[in-house]
Ligand SMILES: O=c1ccn([C@@H]2O[C@H](COP(=O)(O)OP(=O)(O)O[C@H]3O[C@H](CO)[C@@H](O)[C@H](O)[C@H]3O)[C@@H](O)[C@H]2O)c(=O)[nH]1
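Residue numbers (my numbering): 10 to 480.
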């Protein structure tokens, strides 16, 4: 009798190489694993080494495959050097890897972070169906998708520069943003234009996809009025009349798998938890600005350091080495009884700790969802990219946080007082928790994932529908 060995159905996941992108992709990979697929995560070699370094716990059933990105140790890893590596070096290595993997099994789909949209062309050349992954709020994707409309309406120029000053509603049913807060407006004029180009290219590549898995909860847009709500969901899947992929909220992918993984790029300082154990419930401020934003400058770090000290409350501050030069001389010794400064914390455990009363955050999307999952009040200091829109939702739509505009002693003191004293925030956080973690939200996420994976299994998911747009 002849036995045939069943080959695994592989799903290749291609994240953008940054912590806030790899983290949700790894959670998605774990979910695919529990549904019987073999996930393969492809990252540049440097990230691969970080994820799998000793002390970092990863799931051994997920395949992690490194590819060269052509950057040597001396090249600074910033947005533009990574973009050049992704566009010029990584496609051929990924293509070779996909061909090799196909010799071992069936690659049924590639799930590609839209910020790594270069990989869509690879999927197409290899004849593998591709789906998009959006690591942030659907609202941010809608904003990017509305770029052609914004240009037509004269809100921004052809190169993405705002044509008006002040607060503008760029989309119906979204909180207004200042024209300086659009996601691509970071750095010098040349950098802003280059980032805008990045986004328009991302948008045009995303139009070739059928599905977009969004790392956000199904009721991100929830408003009390049913009629308006259904119009809103329609508009989030319509765009400007051009094809846009079907957006499926599948976040926050927190409790949908029993297999926990820790995809930290850096070793977590577990003494953070021990330190929190010695603080009174609700007394401590957790401070972290994520993994990706550039240092805010020595003057701001110094100002925040002084403000935290003056506040007299316990604080746990994640401060990466590249941010530390702003600390006043002797600061760490001076505050050692009041505060703790670490390079990298076990953030989810910190946020869940009962000693943490509020979280001073840059409003990165993963941190925002983790704070809601832990029901922690937010003190918001957005710095770049999507963080302004996230902040606007936190402060103006969900009303679970307070924004501060600077790190003067008074700014921080007033902000902490407001956010801690607002009695309604606790109730709203409980409601938000229910909205994103409750049974109904979880079952909607599960059925979205099932619908997607059924299509993948049946091979119904399209290869590129519009060939000349796929590379
Ligand atoms: O000491 C720390 C600090 C952070 N984290 C984790 O790192 C992730 C940080 O993600 P996020 O809050 O999204 O911030 P960034 O790393 O800055 O992420 C980038 O990517 C996000 C998703 O696209 C965007 O929303 C952000 O604006 C962008 O800066 C979270 O899961 C945290 O739990 C830790 O584990 N330990």
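Quick reminder that beta carbons are idealized off the backbone N, C-alpha and C, glycines included.
Distances taken from the Cβ of residue 330 to the heavy atoms of ligand 1 include none shorter than 7 Å. Annotation for residue 376: the continuous alpha helix (DSSP H) segment containing it runs 374-382. DSSP places residue 183 outside both helix and strand once states are collapsed to three, so it counts as coil. Looking at the backbone, the Cα of residue 197 and that of residue 468 are separated by about 45 Å. In this structure, the CA atom of residue 135 is about 7 Å from the CA atom of residue 107. Between the alpha carbons of residue 23 and residue 308 lies a distance of about 37 Å. Residue 434 is not bridged by DSSP to any residue. Comparing C-alpha distances from residue 123 to each of 114, 139, 347, 292 shows the shortest one belongs to 139. Of all alpha-carbon atoms in 360, 204, 424, the one lying nearest the alpha-carbon of residue 92 is that of 204. As summarised for the stretch 83-130, the continuous alpha helix (DSSP H) elements at least 4 residues long and confined to that stretch are 88-97, 99-113, given in chain order. Of the heavy atoms belonging to ligand 1, at least one sits nearer than 7 Å to the Cβ of residue 32. Here the alpha carbon of residue 392 sits roughly 21 Å from the alpha carbon of residue 156. Membership of residue 154 in any beta strand (DSSP E) is not indicated; the residue belongs instead to the alpha helix (DSSP H) covering 147-154.
Taking the Cβ of residue 374 as the reference point, at least one heavy atom of ligand 1 falls within a distance shorter than 7 Å.
Separation of the CB atoms of residue 335 and residue 310 is rounded to 3 Å, and the pair is thereby assigned contact status at 8 Å.
Collapsing the DSSP output to three states places residue 144 in coil. Secondary structure within the stretch 382-426: the alpha helix (DSSP H) runs of 4 or more consecutive residues, fully enclosed, are 396-401 (chain order). Using a cutoff of 7 Å, the CB of residue 395 counts as near ligand 1, since one of the ligand's heavy atoms is closer than that.
With three or more CB-CB distances shorter than 8 Å, the stretch 205-214 counts as touching the stretch 185-197. Under the Cβ criterion (8 Å, minimum of three pairs), the stretch 379-387 does not count as touching the stretch 172-181. Counting only runs of 3 or more residues that sit fully inside the stretch 30-67, the beta strand (DSSP E) segments are 47-53, in chain order.
Annotation note: the stretch 328-369 contains the following uninterrupted alpha helix (DSSP H) runs of length 4 or greater, listed N- to C-terminal: 340-343, 356-361. Pairing residue 447 with residue 262, the inter-Cα distance amounts to about 12 Å. Comparing C-alpha distances from residue 175 to each of 183, 164, 18, 47 shows the shortest one belongs to 164.
For residue 454, the enclosing alpha helix (DSSP H) has its first and last residue at 448-467. Residue 366 sits close to residue 292, with the two beta carbons spaced by under 8 Å. Under DSSP, residue 18 shares a beta bridge with 115.
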